[in-house]
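Heads up, the sequence shown stops at 276 in my numbering, and the numbers go up one at a time, no gaps. Ideal Cβ placement from N, Cα and C applies to all residues, glycine included. Everything numeric in this text was worked out from a predicted model, so none of it was measured. First up is the structure itself, then whatever we jot down about it.
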Amino acid sequence: PQPAPVAQPAPLPQHGATPQTDSVQPLYSPAVSQSAVVGARDEVVPFSNIRRRTAEHMVRSKAISAHTLVSVEVDFEGVEKVRTSLREQFRKEEGFSLTYLPFISRAALEALRTYPRLNASVGDDALIIHKDIHLAIAVDLDLDGLIAPVIHNADTKRLTGLAREIHDLAHRARTKQLSADDIARGTFTITNPGPFGTMITYPIINQPQVAILSTDGIHRKPVVVRLPDGSETIGIHSVGVLAIAFDHRVIDGAYAAAFLARMREIIETWNWAQEF
Numbered sequence: 001p002q003p004a005p006v007a008q009p010a011p012l013p014q015h016g017a018t019p020q021t022d023s024v025q026p027l028y029s030p031a032v033s034q035s036a037v038v039g040a041r042d043e044v045v046p047f048s049n050i051r052r053r054t055a056e057h058m059v060r061s062k063a064i065s066a067h068t069l070v071s072v073e074v075d076f077e078g079v080e081k082v083r084t085s086l087r088e089q090f091r092k093e094e095g096f097s098l099t100y101l102p103f104i105s106r107a108a109l110e111a112l113r114t115y116p117r118l119n120a121s122v123g124d125d126a127l128i129i130h131k132d133i134h135l136a137i138a139v140d141l142d143l144d145g146l147i148a149p150v151i152h153n154a155d156t157k158r159l160t161g162l163a164r165e166i167h168d169l170a171h172r173a174r175t176k177q178l179s180a181d182d183i184a185r186g187t188f189t190i191t192n193p194g195p196f197g198t199m200i201t202y203p204i205i206n207q208p209q210v211a212i213l214s215t216d217g218i219h220r221k222p223v224v225v226r227l228p229d230g231s232e233t234i235g236i237h238s239v240g241v242l243a244i245a246f247d248h249r250v251i252d253g254a255y256a257a258a259f260l261a262r263m264r265e266i267i268e269t270w271n272w273a274q275e276f
């Protein structure tokens, strides 16, 4: 039998038939098959140092950790009542707004006491559980990269102290005043896209940590409210979602879910007024 004919390559376009293009090398990626093509009307924006470092870290983290996500819905009505009642006084005394993030951070730190394996790093064939909690807070840098400055020994601070630290670190991150120590030794990270009204965010773990908590948008919505006599009614409450991405190599879903359940319990039942 005769061999099958070999397909011939398509003819090259005539010179001048299409706009001249250039190739752009991709950001850090060990398995990219081809480069992007730049058209005549496209704009090439060079990557900043922080964007390149962010990209390298994200790709590396996805390659290392078995990322898995679990989330819970949380009623923030108790937090909202305290926050609203103290808003003006807090701003007058501290010089900045009291947001939800310090409350969430305080609840996370308290829950980590019960679920310490989330405050850990992966070592050589072992999980290293850290006794001190150094809380990293992801800060957006004008929509062009992230940095996660660290509140060292965050578990020793109460809510007002956490609020001060979060405000100070975010300001210094955006004005490029962080020291090397400010971004070192984090053991657990919180990222906060909630001000943009997000629903559920799947963040990437901050290596070599094993988990990262996402705080999403808090909205007014109808919920079922149980009254003291056991009956139920409908009320309008401030409700949001907390999600945690964790490394399934070392943390199981039930453990991460139990941590979020403990956080929810703290947020909904804690005596927040005593924190001030």
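Among the residues of its own chain, which have a CB less than 8 Å from the CB of residue i, if the five just before and after it don't count?
i: H219; result: G197, S238, V239, G240
i: E165; result: I151, A154, K157
Between residue i and the rest of its own chain, which residues show a CB-CB distance below 7 Å, the 5 nearest in sequence each way excluded?
i: N206; result: A136, A148, G186, T189, I212
Since residue i and residue j are thought to touch, with beta carbons under 8 Å apart, how far apart are those beta carbons, to the nearest angstrom?
i: D247; j: V122; result: 7 Å
i: A243; j: I200; result: 5 Å
i: D75; j: E268; result: 5 Å
i: L141; j: R174; result: 6 Å
i: A256; j: V70; result: 5 Å
i: L169; j: F103; result: So it is not a contact: roughly 17 Å between Cβ atoms.
Mapping the DSSP letters down to three states, classify residue i as helix, strand or coil.
i: R249; result: coil
i: Q207; result: coil
i: L69; result: strand
i: H237; result: strand
i: R226; result: strand
i: A273; result: helix
i: Y45; result: A quick correction: the sequence has Val, not Tyr, at residue 45. Of the three classes helix, strand and coil, the one that applies to V45 here is coil, per DSSP.
i: H134; result: coil
i: L101; result: helix
Whole angstroms are fine: how far does the CA of residue j sit from the CA of residue i?
i: F47; j: D124; result: 34 Å
i: D181; j: R226; result: 47 Å
i: E88; j: V45; result: 43 Å
i: V59; j: R53; result: 10 Å
i: D144; j: D155; result: 30 Å
i: S214; j: Y202; result: 7 Å
i: L146; j: G194; result: 15 Å
Here's a check: name, in chain order, each residue in its chain whose Cβ is nearer than 6 Å to the Cβ of residue i, leaving out the five neighbours to either side.
i: S61; result: I204, I205, Q207
i: D252; result: none
Note to self: Extract the residue ranges of the alpha helix (DSSP H) inside the stretch 140-193, only unbroken runs of 4 or more that lie entirely within it.
What the structure shows: 159-174
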